[in-house]
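Residues 1 to 393 (UniProt numbering) are what the sequence shown spells out, left to right.
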Amino acid sequence: MSTTERGGRGPAIAGLGITDLGKVYGRTAADFAADAVRRAAEDAGLALTDIDGLLTSQGIGGGVGLGLQRDLGLRDLRLLSEVQAYGSTAGAMVQYASMAVQSGMAETVACVFADAPLKERSSAGAAYAGAGRAPSGWRGLNAAAGIAGANPLYAMAARRHMDTYGTTSEQLAHIAVAQRDWAVMNPLAQMRTPISVEDHQASRPIADPFRLFDCCLVSNGGIAVIVTTAERAANLRKPPVHVLGWGQSHPGYPMARGSDFGLVSGAATSGPAAMKMAGVTVGDIDVAELYDCYTFTVLISLEDYGFCAKGEGGEFVAGGALGPQGTLPLNTGGGQLSSYYLWGMTPLSEAVLQARGEAGERQAPRHDTVLVSGNGGILDHHSTLILSPHAHA
1 MSTTERGGRG PAIAGLGITD LGKVYGRTAA DFAADAVRRA AEDAGLALTD
51 IDGLLTSQGI GGGVGLGLQR DLGLRDLRLL SEVQAYGSTA GAMVQYASMA
101 VQSGMAETVA CVFADAPLKE RSSAGAAYAG AGRAPSGWRG LNAAAGIAGA
151 NPLYAMAARR HMDTYGTTSE QLAHIAVAQR DWAVMNPLAQ MRTPISVEDH
201 QASRPIADPF RLFDCCLVSN GGIAVIVTTA ERAANLRKPP VHVLGWGQSH
251 PGYPMARGSD FGLVSGAATS GPAAMKMAGV TVGDIDVAEL YDCYTFTVLI
301 SLEDYGFCAK GEGGEFVAGG ALGPQGTLPL NTGGGQLSSY YLWGMTPLSE
351 AVLQARGEAG ERQAPRHDTV LVSGNGGILD HHSTLILSPH AHA
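Rendered as structure tokens:
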């Protein structure tokens, strides 16, 4: 059933709260989370007492859990849960909140993510050093082989795509350059100095084939959205952003010969599900806010959503389609590569601003249908949302 078939109980995002972001020290993830929820409520013109549902998620630094209810002084919640599907969690939280308000389980649900991995006088790399290490199981083999964190694992996926389809590092560079061009216009972005393909190619190697500018930032901060019914959202402070469709996919790649790891992502199934629910096709998408922990994640998502054919992502991104002068406004705030890295809340927050028409200098002229993706683990989890300022596609 489409979200619009439930009339006024169709879900909509009514509030967005973004804390100070980036190299912000001396605050805990729990503090960022509480701040983000308060800001989202204020943005919507709601009191905290109006919230009757709370979904929380935390980053690698931890510290955000069910205790956030007490931190905010929320009483008698009808829905409370921690959600964890890594970078796909923001989309999943909006899906669960939407289902809750559709069913009447709750009326006003806050979804929040916060993280504070950066420490003063410590590098961004140190914040994630050792992430993903496991003492046992098949992931323990990674640690035994000296593979620490996500960089080398995503690099393996990218290298397989390159070997299979001929994708090049220079083609990936065009993604980083286009997103930096968007970030120049985003006052919230951490990186606002333009770069060129040559700058990308000259940046230091991280894990072959990735260079520094292929990799996302590390940020402290928190972001929250408030989901309620379309009927209620229409009477609140900000224009509603309707949640028209959603989908999830968790591929469960076998770690064996013959696996399609690095060749197909969860976008191939979560995308069609979300678009079918919303009653749209890929040709209807005006703006795409894609999870971009690495440039390669953008490329494979573009292929799997159907913006280009499988194996043709390199040629597509090198053709100039993604930048401010291109045909597909993509990661219009700069994405995780250039704006800020708060997991799936990075693309979701920019999507809300675009759908509202509040993105300022970087506002896409057409923003009737906005696609949002989330990607978690090592291409292990995927979520897709279709958002719109209109209740019907």
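Virtual Cβ for every residue (Gly too), placed ideally from N, Cα, C. Computed from a predicted structure; not experimentally measured.
message: Using the Cβ count rule (16 or more neighbours within 10 Å means buried), how would you classify Met255?
response: Looking up residue 255 in the sequence shown gives position 255. With fewer than 16 Cβ atoms within 10 Å of its Cβ, Met255 is classed as exposed.
message: Could you tell me which whole alpha helix (DSSP H) segments of length 4 or greater appear in the stretch 35-111?
response: Fully enclosed alpha helix (DSSP H) runs of 4 or longer: 68-72, 89-103.
query: So, is Asp20 buried or exposed, given that buried needs 16 or more other C-beta atoms within 10 angstroms?
result: Residue numbering aside, residue 20 sits at position 20 when the sequence shown is read from its first letter. Looking at its Cβ environment, which holds fewer than 16 other Cβ atoms inside 10 Å, Asp20 is exposed.
query: If you follow the alpha helix (DSSP H) that Glu231 is part of, which residue opens it and which one closes it?
result: As a working mapping, residue 231 is identified with position 231 in the sequence shown. The continuous alpha helix (DSSP H) containing Glu231 extends over residues 230-233.
message: To the nearest angstrom, how far is the alpha carbon of Tyr96 from that of His382?
response: In the sequence shown, residue 96 corresponds to position 96, counting from 1. In the sequence shown, residue 382 corresponds to position 382, counting from 1. In a straight line, the C-alpha of Tyr96 is about 15 Å away from that of His382.
message: Just list the residues that DSSP pairs Phe113 with in beta bridges.
response: By 1-based counting over the sequence shown, the position of residue 113 is 113. As computed with DSSP, Phe113 is found in a beta bridge with Ser57, Ile223.
query: Given 8 Å as the limit, is there contact between the stretch 230-249 and the stretch 372-389, that is, 3 or more CB pairs closer than that?
result: Yes, they touch.
Gln248, DSSP secondary structure in three states: Within the sequence shown, numbered from 1, the residue matching residue 248 stands at position 248. The three-state reading of DSSP puts Gln248 in strand, counting E and B together.
message: In the DSSP assignment, the alpha helix (DSSP H) including Leu353 goes from what residue to what residue?
response: Walking along the sequence shown from the start, residue 353 turns up at place 353. Residue range 345-356 is occupied by the alpha helix (DSSP H) that includes Leu353.
message: What does the alpha-carbon distance come out to for the pair Phe261 and Ala100?
response: As a first step, residue 261 must be located in the sequence shown, where it is residue number 261. As a first step, residue 100 must be located in the sequence shown, where it is residue number 100. Spanning the two alpha carbons is a distance of roughly 34 Å.
Arg366 - DSSP class collapsed to helix/strand/coil: Locating residue 366 in the sequence shown gives position 366, counting from the first residue. DSSP, read as helix, strand or coil, puts Arg366 in coil.
Nearest-angstrom beta carbon gap, Leu217 and Tyr294 [assumed within contact, 8 Å]: As a position in the sequence shown, residue 294 is number 294, starting the count at 1. As a position in the sequence shown, residue 217 is number 217, starting the count at 1. The pair is not a contact, with the Cβ atoms about 12 Å apart (cut-off 8 Å).
Own chain partners of Ser203 with C-beta closer than 6 Å, once the 5 adjacent residues on each side are dropped: Locating residue 203 in the sequence shown gives position 203, where the first residue counts as 1. In chain order, Arg211, Leu212, Phe213 place their CB closer than 6 Å to the CB of Ser203, counting only its own chain and leaving out the 5 sequence neighbours on each side.
message: For Ser122 and Gly104, what's the separation of their Cα atoms in angstroms?
response: If you number the sequence shown from 1, residue 122 lands on position 122. If you number the sequence shown from 1, residue 104 lands on position 104. So the two alpha carbons sit approximately 46 Å from each other.
message: Taking the straight line between their C-alpha atoms, what separation do you get for Gln171 and Glu315?
response: On the sequence shown, position 171 is the one that residue 171 refers to. On the sequence shown, position 315 is the one that residue 315 refers to. Cα to Cα, Gln171 sits roughly 7 Å from Glu315.
- request: Would you mind giving the Cβ-Cβ distance between Leu290 and Ser169, rounded to the nearest angstrom? I have them listed as a contact below 8 Å.
  value: Residue numbering aside, residue 290 sits at position 290 when the sequence shown is read from its first letter. Residue numbering aside, residue 169 sits at position 169 when the sequence shown is read from its first letter. The pair is not a contact, with the Cβ atoms about 19 Å apart (cut-off 8 Å).
message: Quick check: Ala33 and Gly222, are their CB atoms within less than 8 Å of each other?
response: Here residue 33 is taken as the residue at index 33 of the sequence shown, counted from 1. Here residue 222 is taken as the residue at index 222 of the sequence shown, counted from 1. Taking 8 Å as the Cβ cut-off, Ala33 and Gly222 qualify as a contacting pair.
- prompt: Which partner residues of Ile13 appear in the DSSP bridge assignment?
  reply: Here residue 13 corresponds to residue number 13 of the sequence shown, with the count starting at 1. According to DSSP, Ile13 bridges with Val227, Val241.
message: If you reduce the DSSP assignment to three classes, tell me which class residue 418 lands in.
response: No information on residue 418 is available, as it lies outside the stretch 1 to 393 that the chain covers here.
- request: Enumerate in chain order the residues of its own chain whose CB-to-CB distance from Leu153 is below 8 Å, with the five nearest sequence positions on each side excluded.
  value: The residue labelled residue 153 in the question sits at position 153 within the sequence shown. Result list for Leu153: Gly132, Asn142, Ile147, Ile378, in chain order.
- request: Name the one or two DSSP bridge partners that Tyr294 has.
  value: Taking the sequence shown and counting its residues from 1, the one referred to as residue 294 is at position 294. Tyr294 is bridged by DSSP to Cys215.
- prompt: Are the beta-carbon atoms belonging to Ala47 and Pro240 less than 8 Å from one another?
  reply: For the purposes of this step, residue 47 is taken as residue 47 along the sequence shown, with counting starting at 1. For the purposes of this step, residue 240 is taken as residue 240 along the sequence shown, with counting starting at 1. For Ala47 and Pro240, no; Cβs fall outside 8 Å.
field: Residue range of the alpha helix (DSSP H) that includes Leu337
entry: One-based indexing of the sequence shown puts residue 337 at position 337. Where Leu337 is concerned, the enclosing alpha helix (DSSP H) stretches over 335-338.
message: Short of 7 Å in beta carbon distance, which residues of its chain neighbour Asp31, apart from the five on each side in sequence? Order them along the chain.
response: Residue mapping note: residue 31 aligns to position 31 of the sequence shown, counting from 1. Exclusion of the five residues before and after Asp31 leaves no residue of its chain whose Cβ lies closer than 7 Å to its Cβ.
task: Could you name the residues of the same chain whose beta carbon sits closer than 8 Å to that of Ser98, not counting the 5 residues immediately before and after it, in chain order?
output: Along the sequence shown, read from residue 1 onward, the residue named residue 98 stands at position 98. For Ser98, where only same-chain residues beyond five positions count, the Cβ hits under 8 Å are Thr3, Pro11, Val227, Val243, Trp246.
task: Report the rounded CA-to-CA distance for Gly376 versus Glu350, giving the unit in angstroms.
output: Within the sequence shown, the letter at position 376 stands for residue 376. Within the sequence shown, the letter at position 350 stands for residue 350. Pairing Gly376 with Glu350, the inter-Cα distance amounts to about 18 Å.
task: State the beta-bridge partners of residue 395 as determined by DSSP.
output: With the chain represented from 1 up to 393, any question about residue 395 goes unanswered, as that position is not in the structure.
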